[in-house]
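Student: I'd like to ask you about the structure that follows.
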Amino acid sequence: MASWFRLKYPHLTIGALASSAPILSTDDIVHPNAYMDVVSRDFKEVSDTCYETILNSWSEIDRVTSETNGLSILSKKFNTCSPLNNSSELSHYLENMYVFAAQYNHPSSSPVTTICNGIDKASFGNDVLDKIYSGIVAFIGNDTCQINDPTSISETPISETDIETETRMGWGWQICSELVVRHGIGNDTMFRPSPFDLEKYISNCKEEYDVSPRSHWISTYYGGHNLKTILQRFGSNIIFSNGLQDPLSSGGILHDLSKSIVAIYTKKGSHCLDIQSSSPSDPVWLIKQRKQEVKIIKRWIAQYYTDLDALH
1 MASWFRLKYP HLTIGALASS APILSTDDIV HPNAYMDVVS RDFKEVSDTC YETILNSWSE
61 IDRVTSETNG LSILSKKFNT CSPLNNSSEL SHYLENMYVF AAQYNHPSSS PVTTICNGID
121 KASFGNDVLD KIYSGIVAFI GNDTCQINDP TSISETPISE TDIETETRMG WGWQICSELV
181 VRHGIGNDTM FRPSPFDLEK YISNCKEEYD VSPRSHWIST YYGGHNLKTI LQRFGSNIIF
241 SNGLQDPLSS GGILHDLSKS IVAIYTKKGS HCLDIQSSSP SDPVWLIKQR KQEVKIIKRW
301 IAQYYTDLDA LH
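Reminder that position 8 of the sequence shown reads as 8 in full-length UniProt numbering, one-by-one numbering, no gaps.
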């Protein structure tokens with residue numbers, strides 16, 4: 001959004017640091033499956049066995065569900081807050097947990113590694129679903145129930161995200177009104193295949209927020225498939241920063257577009273990591289990234305005042 005603001009209001013800004021900005025994720029500019037491809041890659045890079053266990057868990061959930069009292073078995077095995085009404089409640093929770101862990105895989109907490117260690121060590125049993133539950137407990141803990149929590153509007157674990165309910169609702173409204181981000185699941189991930197379905201997306205938004213998404217508004221207003229050309233010709237002083245472990249980097253700018261529109265990325269970075277508060281435990285590559293960004297911003301400011309002085 002910082003890059004769009006800079007593009008639309010250059011007279012109000014000196015420059016913009018667009019951290020983890022997926023500005024190419026709208027209108028099929030990048031493939032809708034790219035986001036979940038990165039999520040799967042993050043887990044596979046940590047542990048092949050963890051990846052395979054997650055991949056096999058979906059059919060195992062289906063198998064148990066088909067048994068007599070299958071939903072009751074799953075509810076007990078996963079310590080749900082209330083009995084499952086259908087298996088998709090469990091699957092949705094797990095998908096969100098894996099996505100969150102990949103997107104916010106900050107080096108200080110390494111949630112992907114935490115989940116995979118739980119799955120691979122299987123402290124709650126050795127079958128596939130016992131391993132999956134062990135991953136949940138490793139990440140969330142087992143002090144309280146997690147799935148079907150009636151106090152949460154999202155299945156993403158609040159205790160781990162530190163994102164307030166109002167923020168969740170605001171973002172939900174945003175992606176259901178103007179910022180339609182297309183995410184699907186291909187055939188070569190650790191998830192069930194699920195191609196992006198715009199009609200279903202629109203239907204869900206109408207049900208949840210009573211609003212119909214303007215699916216082409218972003219590309220119409222800011223520039224769509226020719227956005228890179230637009231930025232090159234009309235933009236300046238923008239840093240696009242990304243961490244390649246962040247699934248949203250799949251829709252980000254990863255190469256310099258001009259001398260003043262530059263891309264900075266780190267292989268092990270996660271979502272908006274560079275604009276998080278610094279910590280004594282920050283890795284060297286993160287410290288280097290931040291210093292590089294500050295150096296560029298200082299140059300923008302210095303040039304701005306040089307230009308002002310030249311007017312007098």
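Where is the CB? At the ideal position from N, CA and C, for every residue including glycine.
Predicted model only: the values in this text are computed from it and were never measured.
1) In or out: R233 buried (at least 16 other Cβ within 10 Å) or exposed?
2) Under the three-state reduction of DSSP, which class applies to E164: helix, strand or coil?
3) Can you tell me where the alpha helix (DSSP H) holding A122 begins and where it ends?
4) Comparing alpha-carbon positions, which option in L248, H225, K259 lies nearest N237?
5) Who are the near neighbours of R182 in its chain, counting only those whose CB is closer than 6 Å to its CB and skipping five residues on each side?
6) Hey, how far is the Cα of H225 from the Cα of S177?
7) Could you work out which residue in V180, A263, V38 is closest to D28 when comparing CA atoms only?
8) Following the continuous beta strand (DSSP E) through S236, name the residue where it begins and the one where it ends.
9) Can you find at least 3 beta carbon pairs, one from the segment 53-64 and one from the segment 128-135, that sit closer than 8 Å?
10) Have a look at T13, L12, L17 and flag the residue whose alpha-carbon is nearest the alpha-carbon of Y265.
11) At 3 residues or longer, and completely inside the segment 162-200: list those beta strand (DSSP E) runs for me, N to C.
12) Pick helix, strand or coil for I218, following the three-state DSSP scheme.
13) For A102, which three-state DSSP category applies?
14) Could you spell out the range, first to last residue, of the beta strand (DSSP E) harbouring residue 375?
15) Figure out for me which residue from P280, L273, T306 has the closest Cα to the Cα of E293.
16) If you measure between the beta carbons of S250 and V38, is that distance less than 7 Å?
17) Should E67 go down as buried or exposed, given a rule of 16 or more other Cβ atoms within 10 Å for buried?
18) In the DSSP assignment, find the unbroken beta strand (DSSP E) run with I261 in it and report its ends.
19) Are three or more beta carbon pairs between the segment 42-51 and the segment 201-211 nearer than 8 Å?
20) Return the chain-ordered list of same chain residues with a C-beta closer than 8 Å to the C-beta of L311, the five sequence neighbours on each side being excluded.
21) Work out the CA separation of K121 and P213 for me, nearest whole Å.
22) Write down the C-beta distance between C116 and S19 rounded to the nearest angstrom, noting that I regard them as a contact closer than 8 Å.
23) Label H92 either buried or exposed according to how many other C-beta atoms from any shown protein chain fall within 10 Å of its C-beta, with 16 as the threshold for buried.
24) Mapping the DSSP letters down to three states, classify G70 as helix, strand or coil.
25) Cα-Cα, which of S215, A34, A2, P22 is closest to P193?
26) Among residues of its own chain, excluding the 5 on either side of K228, which ones have a beta-carbon nearer than 8 Å to its beta-carbon?
27) Hey, out of K291, L308, G269, L244, whose CA is closest to S109's CA?
28) Please determine if the segment 140-150 and the segment 84-100 are in contact, where contact requires at least 3 C-beta pairs separated by less than 8 Å.
29) Using only alpha-carbon positions, find the residue among K200, L248, P83, Y133 that is nearest to V99.
30) Which residues bound the alpha helix (DSSP H) around N36?
31) Compare the beta carbon distance of N105 and Q245 with 7 Å and say whether it is the shorter of the two.
Tutor: By the coordinates alone:
1) Counted from its first residue, the sequence shown places residue 233 at position 233. Per the 10 Å Cβ criterion, exposed.
2) Against the sequence shown, residue 164 aligns to sequence position 164. Low confidence applies to E164: its pLDDT is 47, below 50, so where it sits in the model is not reliable enough to give any reading.
3) If you number the sequence shown from 1, residue 122 lands on position 122. Careful: A122 lies outside any alpha helix (DSSP H) and carries neither H nor E.
4) Counting from one through the sequence shown, the residue named residue 237 turns up at place 237. When only C-alpha atoms are compared, the closest one is K259.
5) Along the sequence shown, read from residue 1 onward, the residue named residue 182 stands at position 182. Excluding positions up to five away in sequence, the list reads P32, F196.
6) The count along the sequence shown starts at 1 and reaches residue 225 at position 225. The count along the sequence shown starts at 1 and reaches residue 177 at position 177. Using only the alpha carbons, I get a separation of about 20 Å.
7) Within the sequence shown, numbered from 1, the residue matching residue 28 stands at position 28. Answer by Cα proximity: V180.
8) Position 236 of the sequence shown, counted from the start, is the residue given in the question as residue 236. Counting along the chain, S236 falls outside any beta strand (DSSP E), and DSSP gives it neither H nor E.
9) yes
10) Residue numbering aside, residue 265 sits at position 265 when the sequence shown is read from its first letter. Selected option, being the one with the closest Cα: L17.
11) none
12) As a first step, residue 218 is located in the sequence shown; it is residue number 218 there, counting from the start. Here I218 sits in helix by DSSP.
13) As a first step, residue 102 is located in the sequence shown; it is residue number 102 there, counting from the start. Here A102 sits in helix by DSSP.
14) Outside the shown range of the chain, which is 1 to 312, sits residue 375, and nothing can be said about it.
15) Counting from 1 along the sequence shown, the entry for residue 293 is found at position 293. Of P280, L273, T306, the residue nearest in Cα terms is L273.
16) Stepping through the sequence shown from its first residue, residue 250 is reached at position 250. Stepping through the sequence shown from its first residue, residue 38 is reached at position 38. In this structure, V38 lies closer than 7 Å to S250 by Cβ.
17) Counted from its first residue, the sequence shown places residue 67 at position 67. Exposed is the call here.
18) Sequence index remark: in the sequence shown, residue 261 carries index 261 (1-based). Note, I261: beta strand (DSSP E), 261-266.
19) no
20) What you label residue 311 is simply residue 311 of the sequence shown in a count that begins at 1. Result list for L311: empty, nothing under 8 Å.
21) Walking along the sequence shown from the start, residue 213 turns up at place 213. Walking along the sequence shown from the start, residue 121 turns up at place 121. So the two alpha carbons sit approximately 44 Å from each other.
22) Position 116 of the sequence shown, counted from the start, is the residue given in the question as residue 116. Position 19 of the sequence shown, counted from the start, is the residue given in the question as residue 19. At roughly 26 Å, the Cβ-Cβ gap does not stay under 8 Å, so C116 and S19 are not in contact.
23) For the purposes of this step, residue 92 is identified with residue 92 of the sequence shown, where counting begins at 1. Per the 10 Å Cβ criterion, exposed.
24) Position 70 of the sequence shown holds residue 70. Note: G70 maps to helix in three-state DSSP.
25) Here residue 193 corresponds to residue number 193 of the sequence shown, with the count starting at 1. Residue A34 is the option with its Cα nearest to P193.
26) Taking the first residue of the sequence shown as 1, we reach residue 228 at position 228. Taken in chain order, the residues that qualify are I253, L257.
27) Counted from its first residue, the sequence shown places residue 109 at position 109. Cα-wise, what sits closest to S109 is G269.
28) yes
29) Locating residue 99 in the sequence shown gives position 99, where the first residue counts as 1. The option with the nearest alpha carbon to V99 is L248.
30) Numbered from its first residue, the sequence shown carries residue 36 at position 36. Residue identity check: residue 36 is Met in the sequence provided, not Asn. First-last of the alpha helix (DSSP H) with M36: 34-46.
31) Along the sequence shown, read from residue 1 onward, the residue named residue 105 stands at position 105. Along the sequence shown, read from residue 1 onward, the residue named residue 245 stands at position 245. Against a cut-off of 7 Å, the Cβ pair of Q245 and N105 comes out as a contact.
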